[in-house]
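First up is the structure itself, then whatever we jot down about it.
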Amino acid sequence: MSGVALQVEGGVATLTLQNEAKYNALDVQMLEDLERHVEEIERDPEVRVLILTGAGQKAFCSGADIAAWGSLTPAEFSRHWVRGGHRLFDRIARLSKPSIAALNGHAFGGGLELATACDLRIASPRALLALPEARVGIVPGWSGTQRLVRLMGECLVKEMALFGRRIEASRAMQTGFVYEIAEDPLFAAQTLAQAHMALSPRATEIAKAMILAGSGEDSAAMIDALGSAAIAASDDREEGVAAFMEKRDAQFTGK
6 MSGVALQVEG GVATLTLQNE AKYNALDVQM LEDLERHVEE IERDPEVRVL
56 ILTGAGQKAF CSGADIAAWG SLTPAEFSRH WVRGGHRLFD RIARLSKPSI
106 AALNGHAFGG GLELATACDL RIASPRALLA LPEARVGIVP GWSGTQRLVR
156 LMGECLVKEM ALFGRRIEAS RAMQTGFVYE IAEDPLFAAQ TLAQAHMALS
206 PRATEIAKAM ILAGSGEDSA AMIDALGSAA IAASDDREEG VAAFMEKRDA
256 QFTGK
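To convert, count from 1 in the sequence shown and add 5; that's the numbering used here.
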């Protein structure tokens with residue numbers, strides 16, 4: 006039975022893709038689990054870092070389960086499957102807390118796009134990366150042609166998407182896409198997560214928002230969020246709310 010397990014310990018939330026028989030391929034249940042868990046993690050003030058990994062030793066995620074989308078009509082495929090997955094991956098990318106993908110094995114197709122949505126990636130030396138969608142007559146649909154190009158570079162993405170090549174983790178590390186290669190990616194991710202605990206959570210949240218805005222990741226929303234955070238800390242905001250509740254004219258000080 007497929008699903009996504011959530012474990013929270015010491016401020017670190019770990020999501021584990023559990024569909025080992027199909028190399029952790031993503032099906033409808035797993036996408037729903039991911040969306041629900043990411044929402045919980047965003048709202049939980051005790052969670053400081055997210056780690057995303059896969060069950061077993063062979064694959065982080067082999068992509069989208071063909072059995073889950075193969076029989077969909079064109080309208081269902083584009084309107085629900087593609088757009089729904091894109092919405093989820095955008096949510097992960099824009100999470101207010103740092104995220105680390107621990108690539109315990111291969112990351113293909115939607116699995117590679119899922120890893121791309123995280124802030125950093127730590128990979129097994131045996132992990133391969135690929136965009137094999139053209140082998141089954143489709144194209145990358147969950148940001149592989151946008152977010153992945155920004156992070157890995159156009160030429161490597163073309164090599165995978167247009168020529169079906171698989172890229173070794175060591176080669177991806179040369180582009181900066183893979184942060185570290187480790188025999189135990191999950192342990193390495195946990196070690197990195199602990200280093201984050203010594204930092205200010207508010208400072209790192211704002212820093213991430215600034216980086217995302219600068220990189221073009223939903224810039225408009227990030228700029229609005231930063232501006233709203235600044236005004237929310239002002240005396241004027243408190244006075245404005247108080248005046249509204251007390252049905253009187255506000256006396257703003259500009260502080």
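Think of the CB as a built atom: it goes at the ideal place given N, C-alpha and C, for glycine as much as any other residue.
Pair within 8 Å by beta-carbon distance, residue i and residue j
| i | j | result |
| --- | --- | --- |
| SER104 | CYS123 | yes |
| ILE97 | ALA193 | no |
| PHE182 | MET157 | yes |
| VAL13 | GLN195 | no |
| ALA69 | ALA30 | yes |
| THR121 | ARG152 | yes |
| LEU36 | LEU93 | yes |
Whole-angstrom C-beta distance between residue j and residue i, which should lie under 8 Å
| i | j | result |
| --- | --- | --- |
| GLY25 | ALA60 | In the sequence as presented, Gly is not what sits at residue 25; that position holds Glu. That belief holds up - the Cβ atoms of GLU25 and ALA60 are roughly 5 Å apart, short of 8 Å. |
| ILE56 | THR19 | 5 Å |
| LEU191 | ALA64 | Not confirmed; about 14 Å, so no contact. |
Span of the alpha helix (DSSP H) around residue i
| i | result |
| --- | --- |
| CYS160 | 159 to 168 |
| SER175 | 174 to 179 |
| GLU14 | From DSSP, GLU14 is part of no alpha helix (DSSP H) but of the beta strand (DSSP E) over 8 to 14. |
| GLN199 | 190 to 201 |
| VAL141 | No alpha helix (DSSP H) contains VAL141, which DSSP labels as neither H nor E. |
| THR209 | 206 to 220 |
| VAL246 | 240 to 251 |
Residue i classed as buried or exposed, judged by whether at least 16 other C-beta atoms fall within 10 angstroms
| i | result |
| --- | --- |
| GLU44 | exposed |
| GLU51 | exposed |
| GLN256 | exposed |
| VAL87 | buried |
| ASP38 | buried |
| THR21 | buried |
| ILE186 | buried |
| ILE236 | exposed |
| ARG53 | buried |
| VAL246 | exposed |
Beta strand (DSSP E) segment containing residue i, residue limits
| i | result |
| --- | --- |
| LEU22 | 17 to 23 |
Could you name each continuous alpha helix (DSSP H) segment of 4 residues or more that falls completely within the stretch 47 to 135, going from the start of the chain to the end?
Entirely contained in the stretch 47 to 135, the alpha helix (DSSP H) runs reaching 4 residues are, in chain order, 71 to 74, 88 to 98, 115 to 121.
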